[in-house]
Every structure is written in C-alpha cells, then in structure tokens.
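In what follows, a structure is listed as structure tokens, so that the remarks can point back to it.
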Amino acid sequence: MCFVSIQLANAQRVDLDRFSFNVNYRELPQLPLDSNFRTYDFNCKLGPLMKIALGNESPDERLVIQGWKWLAANGHLTVQLKMEDLIITKSDISQREEIKKDKNGNVVSKKTYYSPLLTYTYAARVILKDYTGRQIDEYQLVDRSQSFTYKGTESGSRIGAANVLLNMVFLTTQVSRDVLYNTIYDLSANLTRQYGYMEKRITDMVWIVANKKHPEYNRFRSNWGIVKNALFKINTNESVEPIWEEVQPAIAYFEKIRNQYSDNDKHDRKLRYASHFILSKLYFYLDKPELAQREASDLILNNYDARDGYHLESMANYLKNELAVNNRRTRYFPLYTQSFEGPRNVSLYSGQ
Numbered sequence: 061m062c063f064v065s066i067q068l069a070n071a072q073r074v075d076l077d078r079f080s081f082n083v084n085y086r087e088l089p090q091l092p093l094d095s096n097f098r099t100y101d102f103n104c105k106l107g108p109l110m111k112i113a114l115g116n117e118s119p120d121e122r123l124v125i126q127g128w129k130w131l132a133a134n135g136h137l138t139v140q141l142k143m144e145d146l147i148i149t150k151s152d153i154s155q156r157e158e159i160k161k162d163k164n165g166n167v168v169s170k171k172t173y174y175s176p177l178l179t180y181t182y183a184a185r186v187i188l189k190d191y192t193g194r195q196i197d198e199y200q201l202v203d204r205s206q207s208f209t210y211k212g213t214e215s216g217s218r219i220g221a222a223n224v225l226l227n228m229v230f231l232t233t234q235v236s237r238d239v240l241y242n243t244i245y246d247l248s249a250n251l252t253r254q255y256g257y258m259e260k261r262i263t264d265m266v267w268i269v270a271n272k273k274h275p276e277y278n279r280f281r282s283n284w285g286i287v288k289n290a291l292f293k294i295n296t297n298e299s300v301e302p303i304w305e306e307v308q309p310a311i312a313y314f315e316k317i318r319n320q321y322s323d324n325d326k327h328d329r330k331l332r333y334a335s336h337f338i339l340s341k342l343y344f345y346l347d348k349p350e351l352a353q354r355e356a357s358d359l360i361l362n363n364y365d366a367r368d369g370y371h372l373e374s375m376a377n378y379l380k381n382e383l384a385v386n387n388r389r390t391r392y393f394p395l396y397t398q399s400f401e402g403p404r405n406v407s408l409y410s411g412q
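Per my numbering, the very first residue in the sequence shown carries number 61; after that it's consecutive.
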C-alpha cells in the first residue's frame with residue numbers, strides 16, 4: 061500500500077522545463093504620425109571639418125526608418141541633422157599591461173600595450189518637418205556638455221601610439237567620420253522607435269511539464285507543440301486570425317487542466333502556473349491584450365512565482381496601450397515599403 065502511494069505521488073509530481081521558441085512580431089510607433097505618411101528624405105548640415113572628413117561621400121541614404129521608404133527628396137517627412145565639428149579637449153596615451161601566469165601563480169610573461177586616446181565633444185541637432193513645411197519636432201540629440209572618448213588601435217610601442225597623436229588632423233578626420241555615421245545609426249534607431257514599424261524576431265520562453273510519469277506529460281507537450289508551431293508561422297504582413305483558429309484546441313486544453321488540477325498543493329499550482337504562462341504569451345503575440353492580462357492576473361492569484369505574472373501583466377498593458385495609441389486592433393497588416401510613393405494631395409491627419 062505504501063509503495064502504491066509513493067508511485068501515485070511521483071506520478072502527480074510536477075517538474076517544469078524551460079522551453080524556448082521563436083516568434084516574429086511588429087512594434088508599432090510610439091508617436092504615430094498621419095497614417096498616409098509613408099516616405100521620408102534626409103539631409104545633413106555639417107561643420108567645415110566634418111565636410112572635409114566625408115570627402116565625396118554622401119550620408120543622405122544612411123538614415124533608415126523601418127516601415128518607411130527613403131526618397132532622395134520630397135518625402136512625407138523631412139529629417140535634417142545638424143552636426144557641429146568635433147572639439148578635441150584632451151589627448152593622451154592609454155596603457156594596458158597583460159600578465160600571464162603559470163598554474164602555480166608565477167609570472168611567466170608580461171607585456172604592455174599602448175593606444176592613442178582622444179577626449180572630444182560635438183553637437184548634433186535634429187529637425188523634423190512634414191512635406192507642407194510644418195515642423196513636427198526639433199531637439200538636441202547631442203550637446204557640448206557631453207564628453208566622448210576615442211581609443212585607437214593598441215600596439216606594443218609607446219612611441220608608435222604617440223606618433224599617431226602627432227598626426228592630429230588625420231586622426232580627427234577619421235574620428236569625425238565615425239562619429240557622424242554612428243550618430244546617424246543612433247538617430248535611425250530613435251526615429252524607428254518613435255515613428256517606424258520595427259520587425260522583430262526573438263527567442264522567447266515558456267514552462268512545460270518535464271516529468272514523464274505525470275499523467276498530463278504527453279498531452280501538455282502535444283498542445284504546447286500546437287501553440288509553438290502556430291506562433292512560428294506568424295508573418296507580420298498577414299492577419300493572425302487563421303493562427304487564432306488553429307490554436308483553439310490547445311487553448312481549450314490548457315483551460316481544462318486548470319479545472320482538473322484545482323487543489324492548492326504546490327504541484328497543482330505549478331501546473332496551473334505553466335498553463336497561465338503559456339496562454340498569456342500566446343495571447344500577447346496574437347494581439348489579445350485583455351486575454352493576456354487576464355491570464356497574467358490569474359497567474360498572480362495562483363500564488364506560484366507571482367513575479368512572472370506581474371511581468372506578463374506589464375507586457376499585456378504595453379500592448380494594449382500600443383494598439384490604442386496607434387488606433388489599431390492589430391500589429392499584423394501588409395506593409396510593403398517598395399510600393400510607397402511620396403505625397404500627392406494627401407489629406408493630413410486622416411483616420412487609420
């Protein structure tokens with residue numbers, strides 16, 4: 061009788077495995093503009109030394125706003141970057157010592173490396189206007205109160221590092237070019253967050269039943285497989301409604317086992333936790349923020365690792381707000397930038 065009880069206890073024991081999965085989704089703009097705005101152009105106003113640093117290069121095609129189309133001129137949105145020249149405030153030589161020891165801790169070799177070091181400031185200002193000339197925003201991206209450091213290539217010679225600093229014009233030219241392109245890269249990321257449509261492919265995770273002796277082991281993993289395969293199919297340019305229909309049997313299963321395993325013992329709570337966790341993630345990626353929020357709240361009340369519930373609740377609230385701000389019901393819709401054209405009698409501030 062005791063042996064049977066032990067076997068039964070082992071069968072009901074719940075261990076959870078962390079399981080990773082891949083999923084695509086789209087982030088909507090934090091500051092959405094008119095829904096007809098689909099194109100942009102970009103120009104830089106550079107200080108005289110930065111112009112020399114660029115030579116014949118043109119940085120105008122380097123700015124990327126994801127979900128928008130770049131035009132050489134006359135886009136719906138004009139982005140202007142005003143870059144002031146670098147001012148070198150300090151030059152120095154950086155020194156790094158590399159020591160190697162044997163297994164007894166005795167020093168077997170010692171080598172010193174030197175590299176040129178520059179401290180500098182610069183300034184960058186951004187102006188955004190629509191195609192009618194109306195200013196949308198203007199802000200200081202970088203100002204002179206900020207200080208930056210450039211570290212050159214290391215070498216084993218202090219004299220070599222010092223000689224690099226002697227050719228200050230060449231070095232400043234090189235750093236100026238790098239600073240400009242890095243600033244444009246950072247601006248691209250900022251504008252994509254604010255106004256763009258970022259495509260993301262990430263690896264996320266859930267918890268699934270691990271112990272093979274549990275009666276739900278096969279069914280739990282099989283239904284998780286339905287969810288995982290469905291999420292893998294998400295195409296940000298297509299509706300997720302067919303995927304929503306596809307996962308209905310799995311949703312029904314995960315809801316059912318919560319009623320079947322409703323005791324307050326730790327193992328039932330772990331099983332319910334895993335069920336709430338999976339469904340909250342599923343609802344998040346399928347644009348059901350209210351359902352995702354409900355599952356997160358139930359996970360918190362389930363009283364097993366409630367902090368995960370707060371994180372899931374935060375994700376659901378973010379999605380709900382993101383959709384509301386953009387006046388959209390979904391993040392998944394056709395967005396083919398190659399077909400976008402510049403403004404032609406576009407009515408400002410039309411509805412979504």
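Ideal Cβ positions, reconstructed from N, Cα and C, are used throughout, including at glycine.
It should be emphasised that the depicted structure is a prediction, and the values quoted were computed from it without experimental measurement.
Counted within 10 angstroms of its Cβ, other Cβ atoms place residue i as buried (16 or more) or exposed
i      : result
Ala69  : With a pLDDT of 44 at Ala69, under the threshold of 50, the predicted position of this residue should be treated as unreliable, and no value is reported.
Phe393 : exposed
Arg98  : buried
Glu301 : exposed
Thr172 : exposed
Glu276 : buried
Asp75  : exposed
Leu188 : buried
Gln195 : exposed
Lys170 : exposed
Ile159 : exposed
Gln353 : buried
Pro427 : Coverage of the chain is limited to positions 61 through 412, which leaves residue 427 absent and any answer about it impossible.
Residue nearest to residue i in terms of C-alpha spacing, selected from the options
i      : options                        : result
Gly285 : Phe81, Asp75, Thr252, Arg73    : Phe81
Asn387 : Pro92, Phe79, Gln72            : Pro92
Pro108 : Asp145, Asn297, Glu87, Gln398  : Asp145
Val287 : Lys189, Pro119, Ala312         : Ala312
Val239 : His327, Arg279, Leu114         : Leu114
Pro89  : Lys170, Val229, Ser282, Arg391 : Arg391
Asn84  : Leu123, Gly165, Ile262, Asp94  : Ile262
Ala183 : Leu177, Glu198, Val202         : Val202
Leu177 : Pro349, Tyr210, Lys293, Ser248 : Tyr210
Tyr321 : Phe230, Asn227, Phe280         : Phe280
Phe400 : Arg86, Leu131, Ile112          : Leu131
Lys260 : Tyr345, Tyr396, Asp120         : Tyr345
Leu379 : Tyr343, Asp368, Leu359, Gln398 : Tyr343
Lys105 : Leu359, Val229, Val139         : Val139
Spatial distance of residue i from residue j (CA atoms)
i      : j      : result
Leu251 : Met258 : 10 angstroms
Asn223 : Ile148 : 17 angstroms
Glu305 : Lys341 : 16 angstroms
Tyr364 : His274 : 19 angstroms
Asp77  : Val269 : 6 angstroms
Glu355 : Tyr100 : 41 angstroms
Arg73  : Arg332 : 13 angstroms
Val168 : Gly220 : 26 angstroms
Ile244 : Asn297 : 28 angstroms
Asn103 : Gln254 : 19 angstroms
Trp267 : Val307 : 18 angstroms
Gly212 : Met110 : 19 angstroms
Leu225 : Tyr199 : 34 angstroms
Asp347 : Gly256 : 19 angstroms
Tyr396 : Lys326 : 50 angstroms
Gly165 : Trp128 : 58 angstroms
Tyr241 : Asn271 : 53 angstroms
Asp197 : Ser248 : 15 angstroms
Ser410 : Ile125 : In this prediction, Ser410 has a pLDDT of 40, which is less than 50 and means its spatial position is unreliable; what the coordinates show is noted afterwards. Rounded to whole angstroms, Ser410 to Ile125 spans 21 angstroms at the Cα level.
Proximal residues to residue i (C-beta, below 6 angstroms), its chain only, five neighbours per side dropped
i      : result
Pro403 : His136, Tyr191
Arg329 : Asn362, Tyr364
Glu214 : Tyr173, Ser175
Val235 : Tyr210
Ser407 : Residue placement at Ser407 cannot be trusted, given a pLDDT of 45 that sits under 50; the coordinates are not used to answer.
Gly369 : Ala356, Leu359, Ile360
Closer than 8 angstroms to chain C by CB, residue i
i      : result
Asp162 : Of the protein chains in this structure there is only one, and it is not chain C.
Same chain only: Cβ atoms within 8 angstroms of residue i, ignoring 5 sequence neighbours per side
i      : result
Ser207 : Thr149, Thr179, Tyr180, Thr181
Ser335 : Phe314, Glu315, Ile317, Arg318
Leu383 : Leu88, Asp347, Pro349, Arg389, Thr390, Arg391
Opening and closing residue of the alpha helix (DSSP H) in which residue i lies
i      : result
Glu292 : For clarity, residue 292 is Phe in the given sequence; the question names Glu instead. Run containing Phe292: 277-292, per the alpha helix (DSSP H) assignment.
Glu373 : 366-385
Asp246 : 228-255
Asp358 : 349-362
Ser340 : 326-345
Ala184 : Ala184 -> not in any alpha helix (DSSP H); beta strand (DSSP E) instead, spanning 184-190.
Ile112 : 108-114
7 angstroms CB neighbourhood of residue i in its chain, flanking five on each side removed
i      : result
Leu339 : Ile311, Phe314, Glu355
Arg237 : Ala113, Leu114
Endpoints, the beta strand (DSSP E) within which residue i is located
i      : result
Val74  : No beta strand (DSSP E) holds Val74; DSSP gives it neither H nor E.
Trp304 : Run containing Trp304: none in the beta strand (DSSP E); it sits in the alpha helix (DSSP H), 301-306.
Arg443 : Since the first residue of the chain shown is 61 and the last is 412, residue 443 is not available in this structure.
Leu178 : 167-181
Glu198 : 195-202
Val139 : 137-143
Asp120 : Run containing Asp120: none; DSSP gives neither H nor E here.
Tyr210 : 208-211
Any non-hydrogen atom of the ligand MG closer than 7 angstroms to residue i Cβ
i      : result
Val168 : Among the ligands in the structure shown, none appear at all, so the ligand MG cannot be discussed.
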